[in-house]
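This report concerns only the one structure given below.
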Amino acid sequence: MRRTWPLALAALAAAVMGGATPASGDAVESATRSTTATAAVCGSSSLNGPATPPTGAVVVPAGDNSGVDLRKANTTYYFETGTHTLGTGEYAQIMPGDGATFIGAPGAVLNGQGLNKYAFTQKATGVTIRYLTITGFIAPHDEGVVNHDSGDGWVVEHNTIRDNRGAGLMAGATNKIRGNCLKDNGQYGLNAYKAGNTITGLVVADNEFTGNNTDDWEQQVPGCGCTGGMKFWAVNGADVTGNWVHGNHGPGVWADTNNNDFLIENNLIEDNESLAIFYEISYNVVIRNNTIRGNAWKSGAERATKGDPFPEAAIYLSEADGEPRVRARTSKIEITGNRLENNWGGITAWANADRFCNSPASTTGDCTLIVGPTNTSQCSAPAIAGEPLYTDCRWWTKNVDIHHNTFAFDPSAVNGGCPTQYCGHMALLSNWGTYPDWSPYKGAVIQQKIVHGSNNSWHDNTYTGPWQFRVADMGSRISPGQWAGPQYGQDARSTFDGGAPVPPAIAEHDFESGTTTSPYTPWYGAGVARQTGNAHGGTGSLQMTGTQSGGSAVALDNFPGYSGVVAGTSYQVSLWYREAVATMPAVTWNVRWRDESGTVLRTDAISLAQKTAWTEAAGTFTAPAGATRVDWTFVWNASTAGPAFQIDDLAIRPGQVTKKA
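Residue numbers (mature numbering (1 follows the signal peptide of the UniProt record, and there is no 0)): -25 to -1, 1 to 636.
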């Protein structure tokens, strides 16, 4: 959602600097964390500045700095140990000159006293801020304390930015944000937005983001999409690497609206109340070699409590496109080399069928980068129903490549035990398109596109635990075997608890439960009955009887047959049979491949010769073009009426037949 940002009022601003009483934990707090290449920042010695001022620096004493001129360009200011304040006015702030540097001595604190809105403002370029604790500022909602006006070329390193309102830090083009502690700020740790969408070349590296969104803005403004550890808006080129993002009251890393060319790598993202990574209506990202654990417990549990089946995820791709027409270091949404452990969910790739440029379901005023962010009105009826606008006016969720990740899930370890009908899910899905009335994407168009026509692929991953999969719509919940089977073809060469998933059967009948014979029903001159005892496997089988001399047949009562058939896929069909009481006649088992309307496209026949002992009959057939369903009949001709034969353990499945002893 696009934000409108008030400007700092320069006429009212005082170009001053001040300090704060060190909060508990500033540069002394011990931080413990799990073993990782990412180091803790908050409370570490890396935040301590030089004990003596750099040569030529202007020394700024502790106390009230409202009378100090801090606006000079290309000047280094050294803040002595102690608390610095800026005066009592709400617009008392530092307005740096181009190329200015601000360095804190050990224990130097800049305190807004709960009175000043901003610490560093205006559009100077090349500003450097190091080794300061910046706290107690009261920036309004959607505004920031440090680099309020998103100046370009800023370097913000080794600072503690904590206990402020709004965002602790904003960002501009080519900013380098490294080695900072961004903690317990009211809205975000970092909000990377600049009017005109001109942020490029952003580096966010080796920081610690924790406890942000203390003001709980999603409760104050429901659905605002305005919280978390860090948020990016229309940033073209960002490296988010080596950060520890944990315990934020919302998402950890959130890129929203026409971001492009991101690298999110080697971060530890854990214990955030909502999603670990949220990449939304944006383009071209590599998410690589991150450790992501314990996220979205709160947001997932809230969905479960409401009975909301949407698959809350650790990584959420919402209308995210790998798009070669948008220049970047990759043309994919690539997620690789990550370890996801005991999050509420896994990865959800979602496309809202009703969300596109100029639709009321799109909460941003921007259009896609293909049409142009300000060209939303072009995406109107009737033109949007034809190319190129039909393709270019929406974010599709396409070219998603998820591979060589490790996904570990133990429901007993998630939030004290999570209900598996809601947690532990991977998802590739959309909704049924409904509005606006001029939308060309109504019905199942986007559901089919995201699953079968957008080059979205999971493969070569390692799973442990009872993972489930939601495909096409929220009402589906399928097994790894179904997910990897021919209907969806996902997770090729992946392993599930150490092995490959078993392809799901189109149909399996063992006649072990139930009192009816359905779906088997007499077609003509026949009867069917479930038998107990003397079965091939277990205790149940099905007996077929001729009720007349001459022809008899048994069919199924589930027209147009079993779904899930994929044209061009090889299927193994098998059953066990034997003579019943009387001499068994020659029987033909006719396997009929149908299209969705029920038209029989081809029939494959298997002969069942007389056998007095249980015998397997099997065949391998490739489903013909257009086939989506299958059913079968049994046909025989006997000279007398009476019991003819029994069947048991019938299966139709892709892959090899698994014979029972």
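Where a beta carbon is used, it is the ideal one built from N, C-alpha and C, also for glycine.
If the five residues before and after Arg263 are omitted, its C-beta is found closer than 6 Å to the C-beta atoms of Glu240, Thr311, Gly312, all from its own chain and listed in chain order.
Rounded to whole angstroms, Trp407 and Cys368 show a C-alpha spacing of 18 Å.
The residue from Ala528, Pro599, Gln443 with its alpha-carbon nearest to that of Val540 is Pro599. Taking each of Pro115, Lys98, Thr492, Thr108 in turn and checking the Cα distance to Leu90, the smallest one comes out for Pro115. Between the beta-carbon of Val179 and that of Ala213 there is about 7 Å, and that keeps the pair under the 8 Å contact cut. Per DSSP, the unbroken beta strand (DSSP E) holding His400 starts and ends at 400 to 405.
At least 9 Å separates the beta-carbon of Ala475 from that of Phe444. In the DSSP annotation of this structure, Tyr53 is not part of any alpha helix (DSSP H); the continuous beta strand (DSSP E) holding it starts and ends at 51 to 54. Here the segment 281 to 298 lies against the segment 246 to 255, with 3 or more beta-carbon pairs under 8 Å apart. Going by DSSP, Gly275 is part of no beta strand (DSSP E) but of the alpha helix (DSSP H) stretching over 272 to 281. Between the alpha carbons of Lys47 and Gly82 lies a distance of about 24 Å.
With a minimum length of 4 residues, the unbroken runs of alpha helix (DSSP H) contained wholly in the segment 335 to 379 fall at 364 to 367.
If the five residues before and after Leu344 are omitted, its C-beta is found closer than 8 Å to the C-beta atoms of Asn233, Asn235, Tyr258, Glu298, Val301, all from its own chain and listed in chain order. In the DSSP annotation of this structure, the continuous segment of the alpha helix (DSSP H) that includes Ile421 starts and ends at 420 to 427. Secondary structure of Gln194 (DSSP, three-state): helix. Ala328 and Thr514 have their C-alpha atoms some 49 Å from each other. Scanning its chain for C-beta atoms nearer than 7 Å, with the 5 sequence neighbours on each side dropped, one finds around Ser21 the residues His133, Gly154, in chain order. The beta carbons of Val605 and Ile481 sit about 6 Å from each other, so the pair counts as a contact at 8 Å. In this structure, the alpha-carbon of Gln422 lies about 25 Å from that of Arg628. Lys158 has Arg137, Thr185 as its beta-bridge partners, per DSSP. The beta-bridge partner set that DSSP reports for Gly38 consists of His59.
A distance below 6 Å between beta-carbons, with the five flanking residues on each side excluded, links Thr96 to the following residues of its chain, in chain order: Ala(-18), Gln68, Met70, His123, Asp124.
Following the DSSP letters along the chain, one finds Pro455 inside the alpha helix (DSSP H) bounded by residues 455 to 459. Rounded to the nearest angstrom, the gap between the Cα atoms of Gly500 and Ala626 is 25 Å. Out of Trp442, Gly473, Gly450, the CA that lies nearest to the CA of Trp458 is found in Trp442.
With a contact defined as Cβ atoms closer than 8 Å, Lys206 and Trp192 miss out at about 11 Å. In summary, Gly119 is buried, with 16 or more beta-carbon neighbours lying within 10 Å of its beta-carbon over all protein chains present. Distance from the CA of Ser451 to the CA of Gln396, rounded to the nearest whole angstrom, comes to 11 Å.
Distance from Gly164 to Arg140 at the Cβ level is roughly 13 Å; contact not present, criterion being Cβ atoms closer than 8 Å. Under the DSSP definition of a beta bridge, Gln621 partners with Gln518, Arg553. Around the beta carbon of Gly87, 16 or more other beta carbons lie within 10 angstroms, which makes this residue buried.
Take Asp73, set aside five residues on each side of it, and the residues of its chain with a beta-carbon closer than 6 Å to its own are Ala48, Ala99, Thr100, Gly101, in chain order. Taking 9 Å as the cut-off, the beta carbon of Ala447 is found no closer than this to the beta carbon of Ser414. In the displayed model, Ser527 falls within a strand according to three-state DSSP. Taking all protein chains shown into account, Asn430 has fewer than 16 neighbouring C-beta atoms within 10 Å of its C-beta and is therefore exposed. A Cβ-Cβ distance of about 4 Å is found for the pair Asn533 and Pro494, placing them in contact under the 8 Å criterion.
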